[in-house]
Amino acid sequence: MQFAVAAHTSNLQATSPAISADDPLVLVAALYRFTPLKDFETLQSPLQERMDAHELRGSLLLAAEGINGTISGRPAQLRGFVDWLRQMEHDNHRPFELTDVKWSGCDELPFRRARVRLKKEIVTMGVEGIDPLQSVGTYVEPQDWNALIEDPDVVLIDTRNDYEIEIGTFEGAINPNTHTFREFPEYVQENLDPKEHPKVAMFCTGGIRCEKSTAYLKECGFSEVYHLRGGILNYLENVSPEESRWRGECFVFDSRVSVDHRLQAGQYSLCHGCGWPVTEEMKADSKYEHGVACPRCADQVTDDQRRRRRERQRQIDQRQLASQESSSQRDSQSLPA
């Protein structure tokens, strides 16, 4: 099967989806755009102010190479922000006009605050000179992905971290056993060879890591390098569960922890001790303590760490209780007499 080489942009939708009666209570947008940003620091304040004005929560990263982040809010407010972002003028052009956005929904805000942060890279690989705008792998649409990964000559690699792969991945995918994306280049150098592995397909959550991983492989001399356009989230949105080669749930970096094939909040929560996903079965284990440890890390937690984590969780519980009581008081005051 042949796959057309796309342009250096991977935008999935030029405008935000129309407002619908079926909108979730909270809309989530995972977005990124590789684009040269001169004086990118000057964009921090206007972006922060606009996020606050739209009452959004989440995080945006700015660097000289572009923008990346996941943000959430009321559907109309979030769509308005994304439309504004795409029309935003900077250095006599609209750098974010073709921003890639994946949409999903949930019942409550998955972030507690809004932040715009300045970074050296919008996704950290740590290799100088890797530029997805100059060289990148071949984008493969979700509808074509199954045929590609069923090719026995294709090496399928999950570029995400081990704790993400723990809860879901594609059939037959290789786990590089990385803890951070910075470790991926070392995995490539030690395990892949352009002569032995002429066809390599890669995927990640929303597509941004594969922009750099495919660019890196091209730099290393690999000729046939493919990546899933829009990542796992785009695949789950566009491929039916009956035809899907995805197994499990998809890890996301917000309070939902994971989403299922319908892009709804999944069954996992997060251990605040080790940062790995936790199932309901693990919560029933005697070694599990909310906010402190799970069966995976409990034996490595020192008494001092356990004490400090319990105190931290106690403070979190107190703040949440106070917030709930304040919300209940506001609701009761707004009821008609």
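In terms of my numbering, the sequence shown opens at residue 2 and continues consecutively.
Glycine included, every Cβ here is placed at the ideal spot set by N, Cα and C.
Beta-carbon proximity check, residue i vs residue j, cutoff 8 Å
i    : j    : result
K219 : S136 : yes
S73  : L26  : no
P296 : I168 : no
L79  : F97  : no
A77  : F41  : no
V117 : M52  : yes
P133 : F223 : no
D194 : I175 : no
W146 : Y236 : yes
R313 : G292 : yes
Per-residue burial, residue i [other beta carbons within 10 Å of its own, 16 or more giving buried]
i    : result
S287 : exposed
E212 : buried
K196 : exposed
L336 : Here L336 scores only 47 on pLDDT, less than 50, and its place in the model should not be relied on; the value that follows carries that caveat. With fewer than 16 other Cβ atoms within 10 Å, it is exposed.
I123 : buried
M2   : With a pLDDT of only 49 at M2, under 50, the local geometry of the prediction cannot be trusted, and the value read off the model is given with reservation. Exposed: under 16 other Cβ atoms inside 10 Å.
D255 : buried
S241 : exposed
L322 : exposed
A54  : exposed
L57  : buried
I317 : exposed
E326 : exposed
E66  : buried
S259 : buried
N178 : exposed
L119 : exposed
S46  : exposed
A5   : In this prediction, A5 has a pLDDT of 43, which is less than 50 and means its spatial position is unreliable; what the coordinates show is noted afterwards. Label assigned to A5: exposed.
Paired residues, beta bridge with residue i - DSSP
i    : result
T71  : A31 and S60
P278 : L271
E129 : According to DSSP, which records beta bridges pairwise, E129 is partnered with nothing at all.
I175 : I158
V141 : L229
C221 : According to DSSP, C221 bridges with nothing at all.
M89  : DSSP output for M89 lists no bridge partner at all.
T170 : R248
Reference residue i; option with closest CA among the options
i    : options                   : result
I209 : V201, T71 and M52         : T71
T75  : I168, T100 and D24        : First, the residue type needs correcting, since residue 75 is Arg and not Thr in the sequence shown. Per the Cα distances, D24.
E243 : H262, V258 and L229       : H262
L157 : M126, A65, C205 and K120  : C205
N69  : N162, A77 and G59         : G59
T43  : L271, G207, I233 and M89  : M89
E165 : F182, V155, L149 and G173 : F182
G112 : Q301, M283 and V253       : Note on residue identity: the sequence assigns Phe, not Gly, to residue 112. Of the listed residues, the one whose Cα sits closest to F112 is V253.
Residue-chain proximity (residue i, chain B), Cβ-Cβ < 8 Å
i    : result
E109 : Here chain B cannot be found, since the structure has a single protein chain.
Expected contact under 8 Å - CB spacing of residue i and residue j to nearest Å
i    : j    : result
A202 : I131 : Between I131 and A202 the Cβ distance is about 19 Å, and since that is not below 8 Å, they are no contact.
T170 : G249 : 7 Å
R246 : E172 : 5 Å
M126 : P186 : 7 Å
L110 : Y227 : Not a contact, Cβ separation roughly 36 Å.
V155 : K200 : 5 Å
E238 : L271 : Wrong, their Cβ atoms sit about 24 Å apart, outside the cutoff.
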